[in-house]
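Engineer:
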C-alpha cells in the first residue's frame, strides 16, 4: 500500500514538474515572440528555420549584386547618352560645314571640335566608384588616351573588351558591362571618325565633310545600339530584383510560421497550464 502511495506521489510530482516546464516554455515564447529558442524546442522546426534563413541570406547577397550591377549599368547608360549627344552635335556641325565657304567659320568650328573631342574621350574614360566603365575587364587602367595634337586616340593595349559578370541568382552568372569595344570600336572607330571631322575642318575641306556623314551616322548608331543593350540589361535586372523581393516576402512568412509564437494560442495554452498547476498543487500537498 505504501509503494502504491509513493508511486502516486511521484507520478503527481512528475505531472506538476512537466506542467511547470510547459508554463516556463510558454512564458519564454511569449516574452521573446519566438517558439524556437533552443534546438530542443523542436529539432525539425529549427532545421527548417535555418534553411529559410540561409535562403534569405543568399537572396540578400543576390539583391546586393543586382543593385550594384544596375547602378554600374545606369551610370554606363548615362555616359553613352552623353556620347551620343556629342556625336549628334558634331554631325550637325559637319552638315553645316558642308555648305560653308568661310575659312573663319571652319576655324571656329575646329576650335569647338577640340573641346567636343576632349569631352568625348573624357566620357569614354568615365569611372564609377573608381572603375573605368568602358575598360572591359581592365577596370583600373585608362581605356583611351587622346594624343596631345589630336592626331589619334590610343586604346589600352591590354584591351577594352573583357566582360564583367556577377552572380545574380543560383546558377545565374550575368554580364553587367558594356565594353569600350562595343561602344566605340565595334563596327566603326568612333574616335577616328570624329577626329577625321576635326581634320576636315582644320583643312577647310567641305568635300571631306560630305563623305564623313555616313560614318557619323554609323558612329551614332553604334553608340545608341550599345545604350539599348545597357537599357535592356537594366530592365532585366529590375525584373530579377522584383522577383527576389517577392521571394523574400514568402520566405519570411514561412520562417515566421515556423519560428514565431502564435500569441493568441500561446496565451490560451498558458492559461490552461496555469489552471492545471493550480489544481494539482493542493492535491499534491495533501498526498505528500
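Numbering (our numbering), first residue to last: -9 to 278. Every residue gets a Cβ at the ideal spot worked out from N, C-alpha and C, and that includes glycine.
1. For residue 169, which three-state DSSP category applies?
2. When we look at the beta-carbon of residue 172 and count the other beta-carbons within 10 Å, is it buried (16 or more) or exposed?
3. If we ignore side chains and look at the alpha-carbon of each, how far apart do residue 137 and residue 109 end up?
4. Closest to residue 196 by CA distance: which of 45, 62, 36 and 93 is it?
5. In this structure, does DSSP put residue 176 in helix, strand or coil?
6. Would you say residue 240 and residue 103 are within 8 Å of each other, going by their C-beta atoms?
7. Do the segment 51 to 67 and the segment 206 to 215 touch if we need at least three Cβ pairs shorter than 8 Å?
8. Alpha carbon to alpha carbon, how far is residue 168 from residue 64?
9. Counting only the same chain and skipping the five closest in sequence on each side, list residues whose C-beta sits under 7 Å from that of residue 100.
10. According to DSSP, simplified to helix, strand and coil, what is residue 144?
11. If I'm right that residue 116 touches residue 123 with Cβ under 8 Å, what's the distance once you round it to whole angstroms?
12. Using DSSP's beta-bridge definition, name the partner residues of residue 117.
13. Between the Cα of residue 292 and those of 42, 159, 37 and 36, spot the shortest distance and give me the residue it belongs to.
14. Given a cut-off of 8 Å on the beta-carbon distance, is the pair residue 203 and residue 79 in contact?
15. Kindly list the residues whose CB is nearer than 7 Å to the CB of residue 176, restricted to its own chain and excluding five residues on each side of it in sequence; keep chain order.
Structural biologist: Taking the definition as stated:
1. Per DSSP, reduced to three states, the secondary structure at residue 169 is coil, with no helix or strand assignment.
2. Within a 10 Å sphere around the beta-carbon of residue 172 sit 16 or more other beta-carbons, which makes this residue buried.
3. Near 14 Å, if we compare the C-alpha coordinates of residue 109 and residue 137.
4. Closest by alpha carbon: 93.
5. Secondary structure of residue 176 (DSSP, three-state): coil.
6. The answer is no: Cβ separation not under 8 Å.
7. No: fewer than three Cβ pairs fall under 8 Å.
8. Spanning the two alpha carbons is a distance of roughly 11 Å.
9. Counting only Cβ-Cβ distances below 7 Å, and skipping sequence neighbours, we find 188, 191 and 192.
10. In the three-state DSSP reduction, residue 144 falls in the strand class (E or B).
11. Correct: roughly 5 Å between the Cβ atoms.
12. DSSP lists 122 as partners of residue 117.
13. An answer regarding residue 292 cannot be provided, because it is not within the stretch -9 to 278 covered by the chain.
14. The answer is no: Cβ separation not under 8 Å.
15. Only 212 meet the Cβ criterion.
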